[in-house]
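A.B. asks:
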Amino acid sequence: MPTKARRVAFFHLDLGVGGAEQLVLQTALQTHAVFEESWRLPCTVDVFTSYFDTDRCLEASRDPRLNIRVFGSFLPHAILGRFRVACSIVRMLYLVLAVIVTGHMGYDLVFNDQVAVVNPLLRLIGRKGTNGATRSKIDVFVDNYFVHQVIFYGHFPDLLLARRHPSLLRRVYRYPFDKLESWTTGMCDMVLVNSKFTAEAFSQTFSSFRKAKPRVLYPPVSKEVEAFQLRSVSGNVDASFSQLEGFDLSVPFATSLNRFEENKNVELAIRAVASLPGHIKCNLVIAGGFDPRLPECKSYFHRLLKLSMELNFRVLGCEDAVDANAAVPCEAMFVGILPVACNTGGPRETIVDGVTGFLCTPTPECFSATLERILLLSSQNPEELAAMCSNAQAHAARTFSPDVFRRSLKAIIADVTGICDNNCVEHSQELAQRVCTARRKRRVA
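The numbering of the sequence shown is the working numbering, which starts it at 21 and goes up by one.
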C-alpha cells in the first residue's frame, strides 16, 4: 500500500521580496526536503497568500515544489494611507476563510507567519481523524479540531513597535488589535522566532511565554547566496556597472542593504560615509526593497536623495532594487564580507564583534570610525583583514547554512508531528491519543 502523502500549508499575507518572504519560502522548500529526502515520505507544500506578483518575486517562489495560491488580492492594503493593521487582519481572515470555503483541507502541518489572529482558525484545515465506531461524536470533533499541528513563526511583537508612537488616539486605535495579538499568539502547537532577542521580547510581552520561551530558528542563508559565493568573478567586472557611468571601481565602497523604510535608518550609512576623513575615499551603494504600492517608500526614497545632495554626494543612479532578503549580516559573512551593524537586537547574536564583523552604537561617528578602520586594514594590513573575512565565512557556514537550518527544522517538525527517523512513521495511535488528551486538559486548565 503506497505511503500517504503528507500535506503542508504555509500562510503569509504578502508574498513580496522582503526578508520575511525569503524566510517563508526557504522554510517551505526545506520542509519539503525534510519529508521527501530525509524521511522518504511523499509531500506536497501549498503556500497561501493574498498578494503575489510573478513579475516582482523572489526566485525561490518559482520552485516547482511549491504550489502558490492567491486569495483576496482585491482587498486594500490600507485606506487613505492609514488603518494598515486593520486591513492586514481583514485580509488574513479572508485568506484563511477562502481556503476553508474552497475546500483546501486535510493538512498534516500548518505554518503561519506573522499574523497570529488566524491561529485558531487554522486548526479547521487540519487532516480529519478516523471516525471509528467505538468513538463518540465529541471525541471525533475534538480530534478533527486539535490533533493536527499549527506552527506560528513570530517576528518582533507588533504591539511593541506600536508603543513607539505614544499618542492617545493611536493607543485607543491599537488597543483591540494588541489584545487580539496577545490572545492568539499562543494558540498553536509551537511558536518559532528568528532570534533570542525576539524570544526575550515575546517573554516580556506575552504572559504565556514567561515560563516557556519560543523556540529559536535562525533564518538560513538562501540558495541564491550560495550560488553567488561559488560564482566565478572572471570576466569584465565593469560590465556590471555599465549603467552607472562614472562609478569608479578602483575606489573601495560600502554597501547598505535595507528596505526603503524610515525605521531602517538608512540615513546612518549616508552620514557615516560623509563623516570619513577627507584623505580616505569611499563610495556608498544603497540597495533595498522598494514597494511602489506604498507612498511612504517613495517619500523616504526622496528624503534619502535630498540628504545625499545636501552632503555633496554625487548620485549616479537610482533604481528599484530587490531586497537583500533576510539576515543581511549573515549573508555578508557567508560570502566573506565583514558586516557593520548596530549593537542591538539580532546582530548581537549573529556577529562576533571584532572577529567576524563589527558592532557599533547607532551614530554616524561610530560607524564612520569602523569604516575607516576597515579601509585602513585593506590598504595597510590586508592579511589581518583576510583572516577576519575567513573567520566570518566559517562562522556563517557553521551557524546559518541551509544544511544547519534543515537539521534544526527537521528536529522541530519531528517534535511537533511525532515522525521519527527510525521508521519514518507517526507514533502509535495510543501515543497520539495521549497527546490529544494532554492538549485538551491543557486548554481546559
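All C-beta atoms in this analysis are idealised placements derived from N, C-alpha and C, irrespective of residue type, glycine included. Computed from a prediction, not measured in an experiment: that's the story for all the values here.
1) Span of the beta strand (DSSP E) holding Ala-29?
2) Please state whether DSSP places Asp-128 in a helix, a strand or coil.
3) Count the other CB atoms, across all protein chains shown, that sit within 10 Å of the CB of Asn-139; report buried if there are 16 or more and exposed otherwise.
4) In three-state terms, what does DSSP make of Asp-66?
5) Excluding the five sequence neighbours on either side, which residues of its own chain have a C-beta within less than 7 Å of the C-beta of Ala-48, listed in chain order?
6) Output needed for Ser-20: all residues of its chain with C-beta closer than 6 Å, excluding positions within five of it in sequence on either side, in chain order.
7) I need the straight-line Cα distance from Ser-428 to Glu-41, nearest angstrom please.
8) Which parts of the stretch 294-342 are runs of the beta strand (DSSP E), unbroken and 3 residues or longer, counting only runs that do not cross its ends?
9) Answer with buried or exposed for Leu-115, where buried requires no fewer than 16 other C-beta atoms within 10 angstroms of its C-beta.
10) Kindly indicate which residue of Val-375, Phe-425, Cys-302, Ser-399 has the alpha-carbon position closest to the one of Asn-411.
11) Nearest to Arg-291 by alpha carbon, out of Leu-100, His-299, Leu-304, Glu-281?
12) If you follow the beta strand (DSSP E) that Val-170 is part of, which residue opens it and which one closes it?
13) Which residue wins for smallest C-alpha separation from Val-236, given the options Arg-27, Ser-398, Thr-419, Val-37?
14) Sorted by chain position, which residues of the same chain lie with C-beta nearer than 7 Å to Leu-200's C-beta, five sequence neighbours on each side aside?
15) By Cβ distance below 6 Å, which residues in the same chain neighbour Ile-109 in space, the five residues on each side in sequence not counted?
16) How would you label Pro-177, buried or exposed, when you count the other beta carbons within 10 angstroms and need 16 or more for buried?
17) Span of the beta strand (DSSP E) holding Thr-275?
18) Excluding the 5 residues preceding and the 5 following Phe-91 in the sequence, name in chain order all residues of the same chain whose CB lies nearer than 6 Å to its CB.
19) What three-state label does DSSP hand Arg-291 in the structure shown?
20) Comparing C-alpha positions only, which one of Arg-313, Ile-432, Cys-440 sits nearest to Gln-50?
21) Which of the three DSSP states is assigned to Leu-117 in this structure?
22) For Leu-45 and Val-28, what's the separation of their Cα atoms in angstroms?
23) Name, in chain order, the residues that DSSP records as bridge partners for Cys-208.
24) Count the other C-beta atoms from every protein chain shown that fall within 10 angstroms of the C-beta of Pro-196, then say buried if there are 16 or more, exposed otherwise.
25) Span of the beta strand (DSSP E) holding Ile-87?
26) Of all the options Leu-129, Arg-191, His-175, Pro-84, which has the alpha carbon lying nearest to the alpha carbon of Gln-169?
27) For the 8 Å Cβ check, are there 3 or more pairs between the stretch 297-314 and the stretch 265-279?
C.D. replies: This is what the structure gives:
1) 26-31
2) coil
3) buried
4) strand
5) Phe-30, Val-65, Val-67, Leu-86
6) With the chain running from 21 to 465 in the structure shown, residue 20 is simply not present.
7) 19 Å
8) 303-307
9) buried
10) Val-375
11) Leu-304
12) 169-174
13) Thr-419
14) Val-137
15) Val-137
16) buried
17) 273-277
18) Leu-115, Ala-118
19) helix
20) Ile-432
21) helix
22) 13 Å
23) None, per the DSSP bridge assignment.
24) exposed
25) In the sequence on display, residue 87 carries Asn and not Ile. 86-90 is the extent of the beta strand (DSSP E) around Asn-87.
26) Leu-129
27) yes
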